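Take our numbering: the final residue in the sequence shown is number 486, and no numbers are missing along the way.
Right, one structure below, let's go through it.
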Amino acid sequence: MSDQLQILNFINGQYAEPLSNEWLDNVNPADGQISGKIANSNSADVQAACAAASTAFDVWSNTTLEQRSSILMKIGNLIEVNLEALSVAESEDSGKPFARARDLEIPRAASNFRFFASAISQFASESHESIGLNAINFTLRQPLGIVGCISPWNLPLYLFTWKIAPALAAGNCVIAKPSELTPRTAGMLGEICNSAGLPVGVLNIVQGTGSSAGQAMLEHPEIKAISFTGGTATGEHVARVVAPQFKKLSLELGGKNPNIIFADCNYQRALATTVQSSFANQGQICLCGSRIFVEAPIYEQFKTDLVARTKELNVGHPSLPESTIGAMVSRPHYEKVLSYMGVAIDEGASILCGGGPATVPGYEGGFYIQPTVIEVRTNQCRMNQEEIFGPIVTLMPFDTEAELIELANDVRYGLSATIWTRDLDRTMRLSKKIDCGVIWVNTWLMRDLRTPFGGMKNSGVGREGGLEALRFFTEPKNICVAFEA
Ligand code: TXE
C-alpha cells in the first residue's frame, strides 16, 4: 500500500487529521488495491467544523450578493481548471470510466457553482399589500445558519456540489460529508475554495463513515438542516434521527424507474438511449431506467436489438477510453448486485445476456460485472421491486396503456420515468398518471438546473434544483408593516 494518499478533513480553511485519530482504507475498485487512507471523523471533528462555521457565519451571511456570487463563480471556474486531476481522482475512487468523469460529471460540478452564483440574484422575495387595511407584508429569506450536506458515492463531486452550491449561495455555512467510498474529489474542493477566496470556515468538509461522521452531523444541535442523498433505508434512518430535533430535511433516495417504449416511438433513438439509461455509470444512477416495458407489437424486435447492443458494451479498466463500463464502487456493493443474478434464476426469469462477473485481464481483483438484460414474467418479483443499483435491467411486454400505468406505479419508489412515444395526447395522459417526480419524454437524463428535481413515495421528500434549493436553504420570515393612511 502506498501511504502517500491521505484524505483529510477540511476545517476552518485548513486540512487536518481527524481528532478521532481513526482512519479508513481508500480502495481502488478497478483493481481492489488499497490506494490510501481516509480520515474517519467522529463527533469531535463535527464539533470543530461547527465551531468554525459558527464564527464564519457572520462574515458570510453579510457579504454582498455580488461578492458571494463572484466567489461561487470562481469556484466553478477553478473546478474546470482542475478538470483533468479531478476526473482522475473521481475515476480512481469510484471505478467509473475516466471519460465519463471528464466529459459529464466534473463539468456538471462546475456548472452547479456557476448556476447558483447566478440563480441567487433571481431569488426575489414576495410582498403582499393588505388592501384596505393600510399594511404591507414582505418576506425576508434568511439563511438558516449552519447546514449539513451528506452525499453518496455514485456521482461524487456532482452531487456533493449540487447541495453545497445552493447552500452557500443562500448565505449559509456548510458542514459537508462525502461518501467514505469516494472522498477524494470532495477533499480537493477545499483547496479550490481557498483559491477562490471563500472565507475560512464557510465550507467545512468532514470525511468518514455514515455511522460515525454522518451520525454526528444528524445529531449536532447547531446544524439546522440536513440535505441527504443516498439509499432509502439510510434515508429512513436519517428522518427518524432528525425529526425530533425539527431540523429541515431534504431526502433524495432510491429509484426503480420505468423506461416505457411504445410501438410508435423513434425506435433507433429509444434503443440507443435505453442502452445509456440502463448501463451508464454501471447502472449506479438513481435515475437509471431499470424496469423496461415494451409495447407488445415491437417487444421481440426490441428484445433482440437491446441484447445485441448490450453485448457490444466494453467492460474494462476505467482509465481506458474504450471502456464503456467500469468497475462497481466497492466489493460489498459488487457482491450485493451479483446476488441478484441468483434471485432472477430463483424467480424463474430468463437471463438474456450477461449474468455474472466480468474478468478484465490484468485487473482480476477489480469489481467488474457484465451488463445484464433479464426477461421477467411479472412486475411483482424482487427483480422489479428492489433497487439493485447495478448494470442489470429487466424487460417485459405490455398490451394497453391502462396496464402500463398500473405496472409503472406498482412499486414503492417514485423517482423518474421515461416515455418513448410520438403521441402527444398519450404523453400528457401518462405524465399526469405516473407517480414520480421527474418524467422524460423521448429523452433521458436531460437536466435543466432551473427545474425541480426529486422523487415521490419512497424516493424522497422535497425537491432540489433552481429556486426549490434556495427555498430549502432559507427561512422565510414575514414582516407586516402597518402605515397611517
Ligand atoms: O448508501 P448510503 P450505500 C442506494 C443503492 C445502494 C444503497 C446503499 O440502492 O445499493 O442505496 O448504498 C451516509 N447518518 N443508493 O449504503 O448508506 C454515507 O456515509 C448519516 C441510491 O452506499 O445511503 C454516505 O455519505 N449519514 C443513491 C451517504 O449516507 C449516513 C446513491 C449515502 O450512503 C448514515 C447511493 C447515518 N447513519 C446509494 N449512514 C441515490 N439515491 O442516488 C450512511 N450515511
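Idealized CB from N, CA, C, for every residue including glycine.
Here the structure is a predicted model, which means the values were calculated and not measured.
Which first and last residues belong to the alpha helix (DSSP H) in which Phe-116 is found? Per DSSP, Phe-116 belongs to the alpha helix (DSSP H) from 107 to 120.
Using C-beta distances below 8 Å, list every residue in its chain close to Ser-21, excluding the 5 sequence neighbours before and after it, in chain order. Take Ser-21, set aside five residues on each side of it, and the residues of its chain with a beta-carbon closer than 8 Å to its own are Ala-40, Asn-41, Ser-42, Asn-43, Ala-45, Asp-46, Gly-209 and Ser-213, in chain order.
By how many angstroms is the C-alpha of Trp-441 removed from the C-alpha of Cys-289? Rounded to the nearest whole angstrom, the C-alpha separation of Cys-289 and Trp-441 is 12 Å.
What residues in its chain sit with their C-beta under 8 Å from that of Pro-222, if we drop five residues either side in the sequence? Contacts found: Gln-246.
Terminal residues of the alpha helix (DSSP H) in which Met-1 lies: In the structure as shown, the chain begins at 2 and stops at 486. Residue 1 is therefore absent and cannot be evaluated.
From Cys-287, Val-243, Leu-307 and Ala-281, residue whose alpha carbon lies closest to that of Glu-388: Nearest in C-alpha terms to Glu-388, of all of Cys-287, Val-243, Leu-307 and Ala-281, is Cys-287.
Helix, strand or coil for Met-329? Go by DSSP, reduced to three states. Met-329: coil per DSSP, three-state reduction.
Let me check understanding here. Comparing Cα to Cα, which of Arg-241, Ile-176 and Pro-184 lies closest to Pro-157? The residue from Arg-241, Ile-176 and Pro-184 with its alpha-carbon nearest to that of Pro-157 is Pro-184.
How should Gly-96 be labelled, buried or exposed, when 16 other C-beta atoms within 10 angstroms of its C-beta is the threshold for buried? By the neighbour-count rule (16 or more Cβ atoms within 10 Å), Gly-96 is buried.
Cα-Cα, which of Arg-292, Val-344 and Ser-36 is closest to Leu-416? Nearest option by C-alpha distance: Arg-292.
When the Cα atoms are used, what is the spatial distance from Asn-27 to Gly-232? Asn-27 and Gly-232 have their C-alpha atoms some 21 Å from each other.
Terminal residues of the continuous alpha helix (DSSP H) containing Leu-87? Here the alpha helix (DSSP H) through Leu-87 covers 84 to 95.
Bridge partners for Met-397 per DSSP, in chain order? Bridge partners of Met-397: Phe-294.
Opening and closing residue of the alpha helix (DSSP H) in which Glu-469 lies: Where Glu-469 is concerned, the enclosing alpha helix (DSSP H) stretches over 467 to 473.
Just to confirm my understanding: we take Phe-114, look at its own chain, exclude 5 residues before and 5 after, and list those with CB closer than 8 Å. What are they? These residues qualify, in order along the chain: Leu-73, Met-74, Ile-76, Gly-77, Ile-80, Thr-162 and Ala-166.
Could you check which residue in Val-482, Arg-109 and Leu-199 has the C-alpha nearest to that of Leu-450? Nearest of Val-482, Arg-109 and Leu-199 to Leu-450, Cα basis: Arg-109.
Under 8 Å between the Cβ atoms of Leu-219 and Ile-206? Going by C-beta atoms, Leu-219 is not nearer than 8 Å to Ile-206.
Rounded straight-line distance, which links the Cα of Pro-298 to that of Ala-470: The alpha-carbon atoms of Ala-470 and Pro-298 are separated by roughly 43 Å.
Pick helix, strand or coil for Phe-303, following the three-state DSSP scheme. Here Phe-303 sits in helix by DSSP.
Classify His-129 as helix, strand or coil using the three-state DSSP reduction. Looking at His-129 - three-state DSSP - the assignment turns out to be strand.
Return yes when the C-beta of Pro-153 is under 7 Å from any heavy atom of the ligand TXE, and no when it is not. The answer is yes for Pro-153.
Check whether the Cβ of Ser-417 lies closer than 7 Å to any heavy atom of the ligand TXE, and answer yes or no. False, no ligand heavy atom lies under 7 Å from that Cβ.
Based on the DSSP output, what are the partners of Glu-253 in its beta bridges? Answer by DSSP bridge pairing, in chain order: Thr-230 and Gly-461.
Assess, as a yes-or-no matter, whether the segment 116 to 123 is touched by the segment 165 to 180 under the definition of 3 or more beta carbon pairs within less than 8 Å. Yes: at least three Cβ pairs fall under 8 Å.
Going by DSSP in three states, Gly-14 sits in which element: helix, strand or coil? Secondary structure of Gly-14 (DSSP, three-state): coil.
So within the segment 57 to 86, which uninterrupted alpha helix (DSSP H) runs reach at least 4 residues, ignoring any that extend past its ends? If we require 4 residues or more, the alpha helix (DSSP H) runs fully inside the segment 57 to 86 come out as 66 to 82.
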